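S.K.: Protein chains in written order, with the working numbering: chain A, 4 to 171; chain B, 4 to 171.
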DNA sequence: TTGTATTTTCAAAAGGTTCTGAAAATTCAA
DNA sequence: TTGAATTTTCAGAACCTTTTGAAAATACAA
């Protein structure tokens, strides 16, 4: 298989994968394109390679920057801006976990905590509801702390934890 | 806060949370509704509580059954079918991980393995690409095995691993 | 400054997903 | 069987998200 074809397939699949995870397909594709690109690419080049409009390229590249998965760069002698992706997959994963935790898990925890406190528990059903909220809170807290540890830890974390399990 | 209002807020938020994770909002809401419901509900009741059509209720309840998050039940003397959700949040999480792993991680792993083998590595860029695929594969495998362990393990896993980290 | 290259914005269009509701199919008590 | 209750299906409508592309804004060399 030619390199170009392999890259295209990877970009396509990564886009599909992303869209299953609530990430806009084009954003995931742009990320994949930059991940497998040896050199920084200009907005123009991203437009051409993905067959998308200028506006679309601009919007999705900025979203990637917002997620801290891509950085702007300058090339001496060039006026254009160029874009480079973080290529270390562990760093990428940690960054994604960090952002999603902040954007999603925290609001959820706040909501649960609030409902747990505010709800009237006069009926049996009320007590059941409160119990469910307490379990959810316990779960969210455990997940939160574990993910924090993962984000703070070095790239070996997953392997280490894996080895521990293997040797049990 | 009245129990009904608390339930409504929970259902709404759970729907939002789900839609950020690529799950149809209504499906997540139906799941939430059944999670906080003390009794099995009929399709009719789900329609009423969520203000959705018969077809929509049917489709999403079946999707929940397909994900093994909800089961059909019968109530003596009633002809209708009723629906109950798995209420143990650890079981729910394990089930979701299991399904998504199967539906998403496995195809991704296959694709990467294929590209890694098939790609021509005559150029430096080709070598770079292959290296990236190898890193991705390594990562996917580590994630896969760790998630398998998590799915197979009992509900204490997260707490145990948490304690280990705490005591380091 | 001025003029050109480049980036950003955003209203409208396109595309995709979800929902509705009525008709068809199924189930089951009698 | 029959027929009423219940569930399923699916084409079209509604809704939501993404994309386009041209105009406005910005950056910068001269």
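Beta carbons: idealized from backbone N, C-alpha and C, even for Gly.
Since this is a predicted model, take the numbers as computed values, not measurements.
Tell me the DSSP secondary structure of residue 22(B) in three-state form.
M.R.: helix
S.K.: How is residue 130(B) classed by DSSP in three states: helix, strand or coil?
M.R.: In this structure, residue 130(B) counts as helix in the three-state DSSP scheme.
S.K.: Name, please, each residue of chain A whose Cβ falls closer than 8 Å to the Cβ of residue 126(B).
M.R.: 6
S.K.: Use the C-beta contact count for residue 63(A): other C-beta atoms within 10 angstroms, 16 or more gives buried, fewer gives exposed.
M.R.: buried
S.K.: Quick one: does residue 70(A) have its CB under 7 Å from some CB of chain B?
M.R.: False, the Cβ-Cβ gap to chain B never drops below 7 Å.
S.K.: Measure the beta-carbon distance from residue 37(A) to residue 95(A) and round it to whole angstroms, keeping in mind my assumption that it falls under 8 Å.
M.R.: Not a contact, Cβ separation roughly 11 Å.
S.K.: Is any beta-carbon of chain A found at less than 7 Å from that of residue 121(B)?
M.R.: yes
S.K.: Just to confirm my understanding: we take residue 84(A), look at its own chain, exclude 5 residues before and 5 after, and list those with CB closer than 8 Å. What are they?
M.R.: Cβ within range, chain order: 45, 46, 75, 76 and 77.
S.K.: Where does residue 139(A) sit, in a helix, a strand or coil, going by DSSP?
M.R.: Here residue 139(A) sits in helix by DSSP.
S.K.: Would you mind giving the Cβ-Cβ distance between residue 24(B) and residue 25(A), rounded to the nearest angstrom? I have them listed as a contact below 8 Å.
M.R.: For a cut-off of 8 Å, the C-beta gap from residue 24(B) to residue 25(A) is around 6 Å, short enough to register as a contact.
S.K.: Is the beta carbon of residue 112(B) closer than 7 Å to that of residue 143(B)?
M.R.: yes
S.K.: Go ahead and label residue 35(B) buried or exposed: buried means 16 or more other beta carbons lie within 10 angstroms of its beta carbon, across all protein chains shown.
M.R.: Buried, because 16 or more other Cβ atoms sit within 10 Å of the Cβ of residue 35(B).
S.K.: Identify the contact partners of residue 39(B) in chain A, using a Cβ-Cβ distance below 7 Å as the criterion.
M.R.: 132 and 135
S.K.: Would you say residue 78(B) reaches chain A, if we count a Cβ-Cβ gap shorter than 7 Å as a contact?
M.R.: no
S.K.: Below 8 Å on the Cβ atoms is my contact criterion, and I expect residue 39(B) with residue 10(B) to pass it. Report the Cβ-Cβ distance as a whole number of Å.
M.R.: Yes, they are in contact, since the Cβ atoms of residue 39(B) and residue 10(B) sit about 5 Å apart, within 8 Å.
S.K.: Which residues in the same chain as residue 101(A) place their Cβ atom closer than 7 Å to its Cβ, once the five residues preceding and following it in sequence are excluded?
M.R.: 154
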